[in-house]
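Colleague: Pasting a structure below so you can have a look.
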Amino acid sequence: MKRILIVLIAAACLTACTKKPSKEADMDKFITDLMRQMTLEERIGQMNLLTMWFDVTGPRMSKGVEKKVRDGLVGGVFNFWTPNAVRKLQDTILTQTRLKIPLLVGYDVIHGHRTIYPIPLALASTWDMELIEQIATAVADEASADGLHWTFSPMVDIVRDPRWGRVSDTAGEDTFLGSEIAKAMVRGYEQGDLSKQNTIMSCVKHFALYGAAEGGRDYNTVDMSRIRMYNEYLPPYEAAVRAGASSIMTSFNEIDGVPATGNRWLLTDLLREQWGFDGFVVADYTSVSEMENHGSGDKAKVTEMSINAGLDMDMVSEYMIEELPALVRAGRVKESTVNAACRRILEAKYKLGLFTDPYRGVSDERAKSQIMSEDKLALSKEAALKSIVLLKNNRKTLPLDASKKIAFIGPLVKNQRTLLGSSAAAGNWKQVKTLWDALESKYANNKFLYAQGSHLVENKLIQRMTDQQNGNVIDDRPAKQLIAEAVQTAEKADIIVAVLGEAYDMSGEAASMSNIGLLDNQKALLKALKDTGKPIVLVLMNGRPMTLQWENDNIDAILETWHTGTRGGEAIVDILFGDANPSGKITMTFPRSAGQIPIYYNHKNSGRPFSNDSKFTVKYIDIDNSPLYPFGYGLSYTQFEYSDVQLSDSTLTGKGAVTATVTITNTGDRTGEEIVQLYIRDLVGSITRPVKELKGFQKITLNAGESREVTFHITPEALKFYNTDLKWISEPGDFLIFIGGNSETNNRAKLTLI
Ligand code: NOJ
589 MKRILIVLIA AACLTACTKK PSKEADMDKF ITDLMRQMTL EERIGQMNLL
639 TMWFDVTGPR MSKGVEKKVR DGLVGGVFNF WTPNAVRKLQ DTILTQTRLK
689 IPLLVGYDVI HGHRTIYPIP LALASTWDME LIEQIATAVA DEASADGLHW
739 TFSPMVDIVR DPRWGRVSDT AGEDTFLGSE IAKAMVRGYE QGDLSKQNTI
789 MSCVKHFALY GAAEGGRDYN TVDMSRIRMY NEYLPPYEAA VRAGASSIMT
839 SFNEIDGVPA TGNRWLLTDL LREQWGFDGF VVADYTSVSE MENHGSGDKA
889 KVTEMSINAG LDMDMVSEYM IEELPALVRA GRVKESTVNA ACRRILEAKY
939 KLGLFTDPYR GVSDERAKSQ IMSEDKLALS KEAALKSIVL LKNNRKTLPL
989 DASKKIAFIG PLVKNQRTLL GSSAAAGNWK QVKTLWDALE SKYANNKFLY
1039 AQGSHLVENK LIQRMTDQQN GNVIDDRPAK QLIAEAVQTA EKADIIVAVL
1089 GEAYDMSGEA ASMSNIGLLD NQKALLKALK DTGKPIVLVL MNGRPMTLQW
1139 ENDNIDAILE TWHTGTRGGE AIVDILFGDA NPSGKITMTF PRSAGQIPIY
1189 YNHKNSGRPF SNDSKFTVKY IDIDNSPLYP FGYGLSYTQF EYSDVQLSDS
1239 TLTGKGAVTA TVTITNTGDR TGEEIVQLYI RDLVGSITRP VKELKGFQKI
1289 TLNAGESREV TFHITPEALK FYNTDLKWIS EPGDFLIFIG GNSETNNRAK
1339 LTLI
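Structure (structure tokens):
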């Protein structure tokens, strides 16, 4: 009797333990029932994503979308929003399709939907994970109120080449920081529960290595060792997946000679089997059909390759609906593979609650109260303030004294569109207050001087960028005349503020540049202003690290404001006049010249490390090896002093932990924020190790004269890396622990792992 009881209890326990939680079981049952009713073509239809318009990217447009929707051949659409439009489309589904499966509505909500925040590279410069998560939450709230379910973000590609236009959409060059930002964004968008109507589904992109395009030319070939992939480029994607990202987008490039969209090792072995990803994989725009250009085969072959590799959804190519039915019938693709892909997409729709409410989150009231609401605009200003980086400030040129005569000169002083930056989704630049507007409203009684000084772009770029509709305005005045007017204006001032940089579309997708300095016409203006002998502040608006050697040598103060978003103008004015103190730090190295690229802080030492004393070392003979501004660098209107690094113990055991502590003192005369950075160097390894790697950071606020201890906990986890067998291990030996205000810090202590 006792034995029977034990067996019964064990059996009950086994069923309970293997039984899926009821929510998941309900979903499985619902989807199984639904899929039973679906034809093969309808199941494949779910794998088809079409574009309704040509917003952020291109070049191909989808045709006859509504008919295909009615025929059950579409699973989702993008480049499409507003409550009414989305409601109408879902109505078509509910009234005119056989199975009434709601559409997934996606969009490139990259740094805001209608309220635009600073570009991602600028947001990264805040090093403020709480703020970034809060922004992602606010973005989800606004986008979902406008009918969207899905954003093609975060973009977590590591990049070390500022010529690549898409640096503006990334968090920069660092693996550790990039991973932290990736997690914060996924958490913010999805909040661990897509059934909440104010969330949106994230899509990690571009899987993988898109940021390593040769020569920085967008869409170009990538070739990289597995060791480098695992240690430096893959962790942010993995971090986002582990943080719960529900979808992932393939990249345009190849990996080990196989396009990412058809790469089985990448999409199945690594993503699903090693990382346990259970969301769905979408191709980037026409990357399935582009596999023909890569030379991977004909239409049928590349379709077969991509689905068999692990791709679930096709974006715009329409190869799935055109080729898959025949491939399944011919036995080249298993029906079970199609079913698995279709199921993953339906699961996403189920988790979003679309089967219970196809109009999820859409109501005119919500749109009215949430879109561009005051709290979101305030958040966008806060983010702008925190993302601005002070690169140089000789003799306290900044902050400005408003009682002085100040000349604001440059094509960006009154430019609205540039503030939003590229990838600004549904942001309306006509609602943006320029820097000039912000000056006028804050200092109504001041008479600031103004001159345009130069055109925003010149020569070859004019053809591409002159677009009145989009705010890139070129007038008929010759460059010489503009400069003469500017010099005349500058002569009347005590100080000049030159507002220069890049038009919004000089960075972002398909915007790679070989010259990443100021354009010649803007440089000529700056040189003419310099000749007046007046002090000059250079305010930069741009989407990438630029080469600023001449500017650094000749200009008194340089403020990197990036493309700061809807409230950027006001934030810049607050910083210029000292109502806010700059605290951002760059997350990509600024080279002295484009010839130094790739240049990044966590490079290897090499067998002949750079030395000024020897000719035969890693270097150029015509330029210094060092960057102009290193990773992690940024100034404040106050100064911070660091004490030596104190370790709680000089040795660390396999399971132990040590603390590394510094005392930081604000030695200046005003409150400031400092981003304290922890770097580690592994001195000897079974593979060569970088000269330094970021392993932690903390942001602190200190009043004038205040000191604070900052402590980092170091466990063997922070000392680990992928070895030649691609195993994640730490190796006993000596490590240097650095704590400082940027990646060039030499403030360090030695730690031994035993
Ligand atoms: C191409 C871009 O590479 C990708 O980032 C974007 O999400 C898609 N187009 C959709 O617009």
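This note's numbering applies: residue 589 is where the sequence shown begins, and numbers increase by one. Don't be surprised by glycine CBs; every beta carbon is placed ideally from N, CA and C.
Quick check: the region 733-748 against the region 664-682, are there 3 or more CB pairs under 8 Å?
Modeller: yes
Colleague: Whole angstroms is fine: what's the gap from W978's alpha carbon to R1196's?
Modeller: Looking at the sequence itself, residue 978 is Leu, so the reference to Trp does not match. Rounded to whole angstroms, L978 to R1196 spans 34 Å at the Cα level.
Colleague: Return the CA-CA distance between K1338 and T1239, expressed in angstroms with no decimal places.
Modeller: 9 Å
Colleague: Per DSSP, what kind of secondary structure is M540 in: helix, strand or coil?
Modeller: Because the chain spans 589 through 1342 in this model, residue 540 falls outside it and cannot be assessed.
Colleague: Fully enclosed by the region 900-941, which alpha helix (DSSP H) runs are 4 residues long or longer?
Modeller: As for any alpha helix (DSSP H) of minimum length 4 sitting wholly inside the region 900-941, the runs are 907-917, 923-939, ordered along the chain.
Colleague: Let me know the secondary structure DSSP gives G1131 once reduced to three states.
Modeller: coil
Colleague: Drop a sphere of 10 angstroms on the beta-carbon of I723, count the other beta-carbons inside from all chains shown, and report buried for 16 or more, exposed for fewer.
Modeller: buried
Colleague: With a threshold of 7 Å, establish whether the CB of F740 neighbours any heavy atom of the ligand NOJ.
Modeller: Indeed, a heavy atom of the ligand NOJ lies less than 7 Å from the Cβ.
Colleague: Find the nearest neighbour of S1119 within the set I746, K1068, V1075, S790, judged by alpha-carbon distance.
Modeller: Note that residue 1119 is Asp in the sequence shown, not Ser. When each option's Cα is compared against that of D1119, the closest is V1075.
Colleague: What is the residue span of the beta strand (DSSP E) that E970 lies within?
Modeller: Where E970 is concerned, there is no enclosing beta strand (DSSP E), although the alpha helix (DSSP H) it sits in stretches over 962-975.
Colleague: What residue range does the beta strand (DSSP E) around Q722 cover?
Modeller: Run containing Q722: none in the beta strand (DSSP E); it sits in the alpha helix (DSSP H), 717-733.
Colleague: Shortest alpha-carbon distance to G949 belongs to which of P824, A731, W853, A1098?
Modeller: A731
Colleague: Can you confirm whether the region 750-762 touches the region 1179-1189 when touching is taken to mean that 3 or more C-beta pairs between the two stretches lie within less than 8 Å?
Modeller: Result yes; three or more Cβ-Cβ pairs closer than 8 Å.
Colleague: Whose C-beta lies closer than 7 Å to the C-beta of A972 among residues of the same chain, with five residues either side of it excluded?
Modeller: P706, T1152, G1153, R1155, G1156, A1159
Colleague: How many angstroms separate the CA atom of G1329 from the CA atom of V1206?
Modeller: Looking at the backbone, the Cα of G1329 and that of V1206 are separated by about 26 Å.
Colleague: Which residues does DSSP pair with T1247 in a beta bridge?
Modeller: H1301
Colleague: Taking K1280 and R1296 to be in contact with their CB atoms under 8 Å, please state how far apart those CB atoms are, rounded to whole angstroms.
Modeller: Going by Cβ atoms, the distance from K1280 to R1296 rounds to 24 Å, so no, they are not a contact pair.
Colleague: Just tell me which of S1100, L628, A1292 has its CA closest to the CA of I1253.
Modeller: Sequence check: residue 1253 is Thr here, not Ile. For the set S1100, L628, A1292, the Cα lying nearest the Cα of T1253 is the one of A1292.
Colleague: If you measure from the CB of E953, is any heavy atom of the ligand NOJ nearer than 7 Å?
Modeller: no
Colleague: Taking the alpha carbon of P742 as the reference point, which residue from A770, I997, A1145, N1169 has its own alpha carbon closest?
Modeller: A770
Colleague: What number of angstroms, rounded off, separates the C-alpha of T703 from the C-alpha of E962?
Modeller: 10 Å
Colleague: In this structure, what does DSSP give as the bridge partners for M837?
Modeller: V870
Colleague: Which value, in whole angstroms, describes the spacing of the CA atoms of V1298 and Q1286?
Modeller: 8 Å
Colleague: On the DSSP bridge list, what partners appear for A1086?
Modeller: Looking at the DSSP assignment, A1086 forms a beta bridge with I997, L1126.
Colleague: Could you check if E826 belongs to the surroundings of the ligand NOJ, using beta carbon to heavy atom distance under 7 Å?
Modeller: no
Colleague: Looking at the structure shown, is Q634 part of a helix, part of a strand, or coil, going by DSSP?
Modeller: coil
Colleague: Mind checking which residues open and close the beta strand (DSSP E) that includes R1196?
Modeller: Neither: R1196 is in no beta strand (DSSP E) and is coded neither H nor E.
Colleague: Between the Cα of R860 and those of P1304, E820, I836, spot the shortest distance and give me the residue it belongs to.
Modeller: I836
Colleague: Confirm, please, whether the CB-CB distance from E1332 to P1218 is below 8 Å.
Modeller: yes
Colleague: Starting from F1309, follow its DSSP beta bridges and name the residues at the other end.
Modeller: I1317
Colleague: Given a threshold of 16 other Cβ atoms within 10 Å of its Cβ, counted over all protein chains shown, does T620 qualify as buried or as exposed?
Modeller: exposed
Colleague: Restricting to Cα atoms, I'd like to know which of T891, W863, S834, A848 is closest to N636.
Modeller: T891
Colleague: Tell me, to the nearest whole angstrom, how far the beta carbon of D757 is from that of P708; I am working on the premise that it is less than 8 Å.
Modeller: With a Cβ gap of about 5 Å, D757 and P708 count as contacting.
Colleague: Measuring alpha carbon to alpha carbon, tell me which residue in V774, L912, G803 is nearest G633.
Modeller: L912
Colleague: Note the first and the last residue of the continuous alpha helix (DSSP H) segment covering E1294.
Modeller: Boundaries for E1294: no alpha helix (DSSP H) harbours it, and the DSSP string shows neither H nor E there.
Colleague: By the 10 Å Cβ neighbour count, where 16 or more other Cβ atoms means buried, how is N982 classified, buried or exposed?
Modeller: Counting other Cβ atoms within 10 Å of its Cβ, N982 stays below 16 and is therefore classed as exposed.
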